[in-house]
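Numbering (our numbering), first residue to last: 229 to 414.
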């Protein structure tokens, strides 16, 4: 059990059958009346974000989210198969459970599979990935405006903005949380 007074960013707890994660919290002690905890919580299953106030003495059961490393194997229609590296078991995950940042994942990459009580609700790709640029327009000599970018298609099919000096066939590093170009890969 965890009390609302012990809330910190990232804490997961259950309330009314929902699994919630604290995104932001603030302990408030007004001049009159009782203290309370103002929070912004995210439902880890649906992704909905809600702002709510709690009595600091309110208690909730702690929710344990399992994060397991699994290797992405292949896709078949709307099912994406991940292999458990310990048991070599293939686990199918529906496309609706994958985030937008999954477009940066290619086969054989290790991702974190998020589950609660055996139900998979999300996939976290690696924070940084190295991918090849498969299609982009050539940069023109003298076209050196500050922070000028051009669209580029990556080997996974994802499109991002890259600096003008990046050419087809180059390996680049991408931050999967933001989808931003980070630099050339060595």
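For glycine and all other residues, C-beta sits at the position ideal for the given N, C-alpha and C.
Taking its Cβ as the centre, do 16 or more other Cβ atoms sit within 10 Å of residue i, making it buried, or is it exposed?
| i | result |
| --- | --- |
| residue 241 | buried |
| residue 379 | exposed |
| residue 276 | exposed |
| residue 248 | buried |
| residue 316 | exposed |
| residue 385 | exposed |
| residue 406 | exposed |
| residue 357 | buried |
| residue 329 | buried |
| residue 404 | buried |
| residue 327 | exposed |
| residue 265 | buried |
| residue 289 | exposed |
| residue 318 | exposed |
From the DSSP output, read off the bridge partner residues of residue i.
| i | result |
| --- | --- |
| residue 405 | Partner(s): none; residue 405 has no beta bridge. |
| residue 305 | Partner(s): none; residue 305 has no beta bridge. |
| residue 380 | 364 and 388 |
| residue 310 | 300 and 319 |
| residue 359 | 400 |
| residue 293 | Answer by DSSP bridge pairing: none, since residue 293 is not bridged. |
| residue 287 | 231 |
| residue 411 | 401 |
What residue range is occupied by the uninterrupted beta strand (DSSP E) comprising residue i?
| i | result |
| --- | --- |
| residue 254 | 246-256 |
| residue 235 | No beta strand (DSSP E) holds residue 235; DSSP gives it neither H nor E. |
| residue 347 | 347-352 |
| residue 241 | 240-243 |
| residue 279 | 277-282 |
| residue 338 | 338-344 |
| residue 264 | 264-271 |
Would you call the CB atoms of residue i and residue j closer than 9 Å?
| i | j | result |
| --- | --- | --- |
| residue 334 | residue 383 | yes |
| residue 399 | residue 361 | yes |
| residue 303 | residue 267 | no |
| residue 349 | residue 325 | yes |
| residue 306 | residue 283 | no |
| residue 272 | residue 308 | no |
| residue 392 | residue 381 | no |
With a cut-off of 8 Å on the beta carbons, I'd call residue i and residue j a contact; round off their distance for me.
| i | j | result |
| --- | --- | --- |
| residue 394 | residue 364 | 6 Å |
| residue 270 | residue 251 | 5 Å |
| residue 343 | residue 294 | 5 Å |
| residue 310 | residue 299 | 7 Å |
| residue 287 | residue 230 | 7 Å |
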